[in-house]
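Going down the list, the sequences are from chains A and B. In case it helps, the working numbering puts the first sequence at residues 1 to 499. In case it helps, the working numbering puts the second sequence at residues 1 to 148. Think of the CB as a built atom: it goes at the ideal place given N, C-alpha and C, for glycine as much as any other residue. Keep in mind that this is a model prediction, so the values were computed, not measured. Quick notes on the structure that follows.
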Amino acid sequence: MRRTPRLSEHRTVNRLSLAAIVAGFVVLGGVSSGGVFILQRNLEWTHWVDHTYQVQNAVAHFRIATEQLETARRGYLLSADPSFEAAYRATEAELVRSIGRIQHLTGDNGDQQARVRRAFALERELIASDDRSVAARAGGGVEPQRAFAGDTGVETMRAIRALCDEMAADEHAKLAQRSAGRTNTVRSLIALMVLGGVVLVMVALGSIWVIFGFTRDLTASRDELRQLNEGLEKAVRARTAELRLANEEIQRFAYIVSHDLRSPLVNVMGFTSELEAAAKPLGALLERAEAEAPQIVTGDARTAINLDLPESLAFIRGSTQKMDRLINAILRLSREGRRVMTPEPVELGKLFDGIAQSLAHRAHEVGATIEVAPRLPGLVSDRLALEQIFSNLLENALKYLKPGRPGRIQVRAEARGGRVVVEIADNGRGVDPKDHERIFDLFRRSGAQDQPGEGIGLAHVRALGYRLGATVTVESTLDEGATFRVSLPAVLSPEAAAA
Amino acid sequence: MNDSRHVTIVMIEDDEGHARLIERNIRRAGILNDIRHFPDGNSALNYLHSTQEGPSYNGPALVLLDLNLPDMSGTDILASIKSNEKLKRTPVVVLTTTDDKVEIQRCYDLGCNVYITKPVNYESFADAIRQLGLFLSVIQVPEIEGGA
Chain A
1 MRRTPRLSEH RTVNRLSLAA IVAGFVVLGG VSSGGVFILQ RNLEWTHWVD HTYQVQNAVA
61 HFRIATEQLE TARRGYLLSA DPSFEAAYRA TEAELVRSIG RIQHLTGDNG DQQARVRRAF
121 ALERELIASD DRSVAARAGG GVEPQRAFAG DTGVETMRAI RALCDEMAAD EHAKLAQRSA
181 GRTNTVRSLI ALMVLGGVVL VMVALGSIWV IFGFTRDLTA SRDELRQLNE GLEKAVRART
241 AELRLANEEI QRFAYIVSHD LRSPLVNVMG FTSELEAAAK PLGALLERAE AEAPQIVTGD
301 ARTAINLDLP ESLAFIRGST QKMDRLINAI LRLSREGRRV MTPEPVELGK LFDGIAQSLA
361 HRAHEVGATI EVAPRLPGLV SDRLALEQIF SNLLENALKY LKPGRPGRIQ VRAEARGGRV
421 VVEIADNGRG VDPKDHERIF DLFRRSGAQD QPGEGIGLAH VRALGYRLGA TVTVESTLDE
481 GATFRVSLPA VLSPEAAAA
Chain B
1 MNDSRHVTIV MIEDDEGHAR LIERNIRRAG ILNDIRHFPD GNSALNYLHS TQEGPSYNGP
61 ALVLLDLNLP DMSGTDILAS IKSNEKLKRT PVVVLTTTDD KVEIQRCYDL GCNVYITKPV
121 NYESFADAIR QLGLFLSVIQ VPEIEGGA
């Protein structure tokens, strides 16, 4: 037999599912916030890489401007052409601007700032030296060759070039470092995403495993339940068949017993009659003896023949008659028990009208009224059994009235969820609460035994009721009336009728 | 000449009391025919079928039959009588306590002539027995071989 998932397992599965969902969201959140952080770092690195490129540009620009200044100066020194001088002045201004730009860009870098300060100094030195040579040439006289001979600008130029190389090298190192940083952030991002993906896949697989396991258990327990159900149905069918057999056995028993009891009763009755017949000549003999020979008649003999004999015979006769009625009642119950119930549509209103009509004469005699409520529901049941049940109950209501109070019997019925509840309420003498169950027993009666009857009616009602799947109950207070309630299935199925 | 007095009354009844009451009432009704009483089925069948002075060989009979016998069912005896060529015209009166409709039907199907339920009320019982006298007087006694 397979294991049935218990409540605690159900809870475990719920908890695991919740944990998986939470874990999934945590991983997603971690991956996205980590991704945002890494991307921000990446943007910073990119910014710094750009910045380095700008600084490199500015350094290159400065170097070019320096070379252009030298070229313009030399051109002027050689040719004294004023256009060279103009170019020289323009380049001078450009040189100052380009250093200022480097200074601005490298505000964050102490080494570069120091170099920029040196560049400023060298530049001023260069410009001063150049200006001197240019001014000398403009004053005329100085040979171009001589002008170059005492030129100190060349040293300065070399120093500037070296400085530029230094700055470029610094920036190059920085570029390499920053590019590496940027690449690292991208790698981190990829690693983070792969990690997140792996965790998500694991959570998903775990969830699927748990759900599959749970579903398998559920399926197994459902199959098991179905098997149990089928077994139960079989057991119920078998039990029903057994009960039916037992019921038939009881019916047969009641039938045979009632017949076999009848046989000796025929004898008792018969010979009692014979005795009665024999008592007559005896009586005649006594009269004759009293007339002809009174001395032989004793008081004992007279009492025996005139009183004891008739009294005994009357008791025997009365008891036998009662026994005959009881046996007939058992016989009738057994016959009713064996009768096949045939469900058919029955209108309660018409049924009660018919019963009330057949009882109208008796009701008039005892001064009682039978009121059947309008619009009673219909049902599908055995008509004859219903007639017998309700006739019995109405007859009882008429029989057990409270003396001195006009009888009022009300019949009500209503459909209540698949059942029809019929109430027969009277204002008669009522039933003592301690007898509420007892009155349904065979041969049992309640209250003053002032009415004819053997205590069979209600037993019959209840037995018939069971066959219709009905329950019969009573609610009553002594001296205030009784309400008999019959709760019937609205539709009596043929299988239930056959049981 | 046929005379209803020659008809033997065969009473098959296990209850001695019932037998006595039946006999008394028959006599009281003024019927003086021979009454042969058998308390069980086998002795009755033996008498009916095989005995020399029995109805098979010796003349007409009227059978009073109780259905509840100790050794067999009364309906078996009824069937046995009605299937015998010599006995089948013998009137059979079923006299029993059973008033079950199915049982009565079955007896008539088997050829029973009258079915009487033994009432507990003795007057009715006596009346029913007295009716037998009338029944007996109208029995068409079959011609006996060799004549009476």
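List the residues of chain B whose Cβ lies closer than 9 Å to the Cβ of residue i, in chain order.
i, result
"A:Val266", "Asp15, Gly17, His18, Leu21, Thr97, Lys118, Pro119, Val120, Tyr122, Phe125"
Could you name the residues of the same chain whose beta carbon sits closer than 6 Å to that of residue i, not counting the 5 residues immediately before and after it, in chain order?
i, result
"A:Glu171", "Thr52, Val55, Gln56"
"A:Tyr400", "Gly428, Arg429"
"A:Glu475", "Thr483"
"A:Val116", "Ile102, Gln103"
"B:Tyr47", "Gly54"
"A:Lys402", "Gly428, Arg429"
"A:Gln68", "Thr91"
"A:Ala87", "Ala72"
"A:Arg3", "The pLDDT assigned to A:Arg3 is 49, lower than 50, so where the model puts this residue is not dependable, and the model offers no usable value."
"A:Ala385", "Leu464, Leu468"
"B:Val72", "First, the amino acid is wrong: residue 72 of chain B is Met here, not Val. Hits under 6 Å: Gly41."
"B:Ile115", "The identity of residue 115 of chain B in the sequence shown is Tyr, whereas the question assumes Ile. Val94, Ile104, Cys107."
"A:Gly349", "Leu376"
"A:Gly337", "Gln251"
"A:Gly75", "Phe84"
Going along the chain, which residues of its own chain have a beta-carbon closer than 7 Å to the beta-carbon of residue i, five neighbours each way excluded?
i, result
"A:Ala19", "none"
"A:Ile389", "Val461, Leu464, Gly465, Val486"
"A:Gly481", "Ala425, Asp426, Asn427, Gly428, Gly430"
"A:Arg11", "none"
"B:Thr75", "Leu67, Arg106, Cys107, Leu110"
What residues of chain B sit near residue i, judged by a beta carbon separation below 7 Å?
i, result
"A:Thr273", "Reading off the sequence shown, one finds Ser at residue 273 of chain A, where the question assumed Thr. Simply Tyr122."
"A:Gly318", "In chain order: nothing, as chain B lies at least about 13 Å away."
Since residue i meets chain B, which of its residues come closer than 8 Å, beta carbon to beta carbon?
i, result
"A:Gly337", "In chain order: nothing, as chain B lies at least about 14 Å away."
"A:His259", "Asn68, Thr97, Thr98"
"A:Gly469", "Those within 8 Å of A:Gly469 in chain B number zero; the least Cβ separation is about 27 Å."
Near residue i, what residues of its chain come up, given a Cβ to Cβ distance below 8 Å and the 5 sequence neighbours on each side ignored?
i, result
"A:His61", "Ser98, Arg101"
"B:Arg119", "Correcting the residue identity first, residue 119 of chain B is Pro in this sequence and not Arg. Excluding sequence neighbours, B:Pro119 sits near Phe125, Ala128."
"A:Leu313", "Thr272, Leu275, Glu276, Ala279"
"A:Arg178", "Trp45, Trp48, Val49, Thr52"
"A:Val354", "With the sequence shown as reference, residue 354 of chain A is identified as Gly, and Val is not the correct amino acid for it. So the qualifying residues of the chain are Glu387."
"B:Leu149", "Past the boundaries of the shown model lies residue 149 of chain B; chain B is included only from 1 to 148, so the question cannot be answered."
"A:Gly153", "Glu70, Arg73, Leu126, Ser129, Asp130, Ser133"
Does the distance between the C-beta of residue i and the nearest non-hydrogen atom of the ligand COA fall short of 7 Å?
i, result
"B:Asp34", "Absence of the ligand COA is noted for the structure shown, with no ligands found whatsoever."
Worksheet item: Which runs of the alpha helix (DSSP H), 4 residues or longer, sit entirely within the segment 325-404 of chain A?
Response: 348-358, 360-366, 383-399
Discussion item. Tell me whether the segment 4-19 of chain B and the segment 45-62 of chain B touch, counting them as touching only if at least three CB pairs, one residue from each stretch, are closer than 8 Å.
Written reply: yes
Item to complete: May I have a chain-ordered list of the beta strand (DSSP E) segments no shorter than 3 residues that lie completely inside the segment 47-99 of chain B?
Response: 61-65, 92-96
Item to complete: Would you mind listing the alpha helix (DSSP H) stretches within the segment 12-51 of chain A that are 4+ residues and don't spill past its ends, in chain order?
Response: none
Fill in: Positions along the segment 335-359 of chain A whose CB lies within less than 9 Å of some CB in chain B
Legend: CB atoms of the segment 335-359 of chain A lying less than 9 Å from CB atoms of chain B belong to residues Arg335.
Worksheet item: Is it a yes or a no for the segment 227-237 of chain A touching the segment 36-52 of chain A, going by three-plus beta-carbon pairs under 8 Å?
Response: The segment 227-237 of chain A vs the segment 36-52 of chain A: no contact.
Practice prompt. Ignoring anything shorter than 4 residues or poking outside the segment 90-145 of chain A, list the alpha helix (DSSP H) runs there in chain order.
Written response: 110-138
Discussion item. Just to confirm the assignment: which complete alpha helix (DSSP H) runs, minimum length 4, are found wholly within the segment 442-477 of chain A?
Written reply: 457-467
Worksheet item: Is the segment 9-23 of chain A close to the segment 162-169 of chain A, with three or more CB pairs under 8 Å?
Response: Inter-segment contact for the segment 9-23 of chain A and the segment 162-169 of chain A is absent: fewer than three beta-carbon pairs are separated by less than 8 Å.
Worksheet entry | chain B contacts from the segment 269-302 of chain A (Cβ-Cβ distance under 8 Å) | Met269, Gly270, Phe271, Thr272, Ser273, Glu274
Worksheet item: Would you call the segment 444-463 of chain A and the segment 326-336 of chain A touching, i.e. three or more CB-CB distances under 8 Å?
Response: Because the criterion of three Cβ pairs below 8 Å is met, the segment 444-463 of chain A and the segment 326-336 of chain A touch.
Worksheet entry | Cβ contact (3+ pairs, closer than 8 Å) linking the segment 332-342 of chain A and the segment 306-324 of chain A | no
Practice prompt. Evaluate contact between the segment 152-161 of chain A and the segment 117-130 of chain A, counting only Cβ atoms and requiring at least three cross-stretch pairs below 8 Å.
Written response: Contact between the segment 152-161 of chain A and the segment 117-130 of chain A is present, because at least three Cβ pairs lie under 8 Å.
Worksheet item: Are three or more beta carbon pairs between the segment 29-36 of chain A and the segment 180-200 of chain A nearer than 8 Å?
Response: Contact holds: three or more Cβ-Cβ distances are below 8 Å.
Practice prompt. Give, in chain order, every unbroken run of the alpha helix (DSSP H) that is at least 4 residues long and sits entirely within the segment 223-300 of chain A.
Written response: For the alpha helix (DSSP H) assignment, the segment 223-300 of chain A encloses no uninterrupted run of at least 4 residues.
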